[in-house]
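Numbering (this note's numbering), first residue to last: 97 to 388.
Think of the CB as a built atom: it goes at the ideal place given N, C-alpha and C, for glycine as much as any other residue.
For reference, the structure is listed below as structure tokens.
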Amino acid sequence: MILERPIGYVDLISLVGETNRCPGGKRAVSRLAQTMHVGPHHRVLEVGSNTGFTSIELAAITGCRTDGVEINAAAVEEARRTVAALPDRIAERISFHVGDVRRLPWDEGTFDAVVCGGALGFVEDRPQAFSEIRRVLRPLGMVSITHLYYRSTPPASLSDRLAAVLGFHVPTYGWKEWLEELAPAGWELYSFARRPLAARPAEAVDAYAEHLTSSSRITALAPEQRDRVREQWRHTCHVFNDNHRHLGVMDLVLRRPLADDVPEQPELFLEPGVYDPYFTREFVPLTGTENR
């Protein structure tokens, strides 16, 4: 392997063996499993499974069967290597596939639930992706989307640095813009919540980058190649950390209606802090709860 130029982002995380957790990691997976009521009798599809963290964690904590689909072959190979090291009782329920969410290879109604850690935000022809998800999802099946949004607008220089790392520019959308994109008509909005993210101290970022690039797969590289990988990974981590100062994460769960031609009846009385998708399209404020 000759590293004459920077490695693509997904290939880089596969090379260093980074788990590439969804925002919130195992805590987020636990929450979505509870919200979606995932159990041992369910089959779950992960869209944009990358190196497999969410699919593996879901199978481990719920006993469900998971299939991950990912367009990057290197990420799929890394996910399969991780599964190969798991106990058979878990590994036998997890599969990873190279594929495109716009052309899923499964039959209608194959899955009880679908999860996505942000990939849907960057799919070209998103309506086609949602159409395919709907096709393979059973009626009343749920779709969980964990997605980053901007709480504040980042400097243009930071956006450019992030684009150089990822290979594309990320829209600086807030949660309302992403909700318009990721909750299309024809789906029930089952649950919606937001969480802030925070940057870490620079020394923690450096320690993390050093830890991941001290593995045998990196130390086995020729010295010049090893140094390039370590520096690129350290730079990537610091760019992401700077970006986290401006980010929040939204946890969105959609449900496929039992009948496509029967819309959900609006709900009027909602608890404080719950999002109202029917009338105000805002979170219900605490006003009016003073005399509880």
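Tyr245 carries a strand assignment under DSSP once its states are collapsed to helix, strand and coil. Around the beta carbon of Phe375, fewer than 16 other beta carbons lie within 10 angstroms, which makes this residue exposed. Collapsing the DSSP output to three states places Ser253 in a helix.
Under the 10 Å beta carbon count, Leu382 is surrounded by fewer than 16 other beta carbons and is classified as exposed.
Within the region 261 to 291, the complete alpha helix (DSSP H) segments of 4 residues or longer fall at 271 to 278, listed in chain order. When only Cα atoms are considered, Glu284 and Arg139 end up about 20 Å apart. DSSP links Met132 through a beta bridge to no other residue. Excluding sequence positions up to five before and after Trp274, its CB lies within less than 8 Å of the CB of Gly217, His243, Tyr245, Met346, all in the same chain and listed in chain order.
One alpha carbon belongs to Glu173, the other to His331, and they sit about 25 Å apart.
Within the model, the alpha-carbon separation for Glu166 versus Phe192 is close to 8 Å.
Taken through DSSP and simplified to helix, strand or coil, Arg341 comes out as coil.
Under the Cβ criterion (8 Å, minimum of three pairs), the region 177 to 184 does not count as touching the region 196 to 207.
Between the alpha carbons of Asp357 and Ile186 lies a gap of roughly 39 Å.
Beta-bridge analysis with DSSP links Ile190 to Thr162.
In this structure, Leu258 and Val197 do not form a Cβ contact; the two beta carbons are roughly 23 Å apart against a cut-off of 8 Å. Here DSSP, grouped into helix, strand and coil, assigns Glu363 to coil. Residue pairing by DSSP places Tyr304 in no beta bridge whatsoever. Ile190 is not a Cβ neighbour of Thr147, given a cutoff of 9 Å.
Between Gly159 and the set Pro235, Ala170, Asp184, the nearest pair of CA atoms involves Asp184. Annotation: Tyr286 to Val125 spans about 17 Å, alpha carbon to alpha carbon. Checking the DSSP bridge columns, you'll see Glu142 partnered with Gly164, Val211. Contact between the region 336 to 345 and the region 305 to 320 is absent: fewer than three C-beta pairs spanning the two stretches fall below 8 Å. Around the beta carbon of Gln328, 16 or more other beta carbons lie within 10 angstroms, which makes this residue buried.
Beta-bridge annotation (DSSP): Ser240 is paired with Val211, Val349. Take the alpha-carbon of Trp271 and the one of Ala155: they are about 29 Å apart. Residue pairing for Tyr371: DSSP places it in a beta bridge opposite Phe379.
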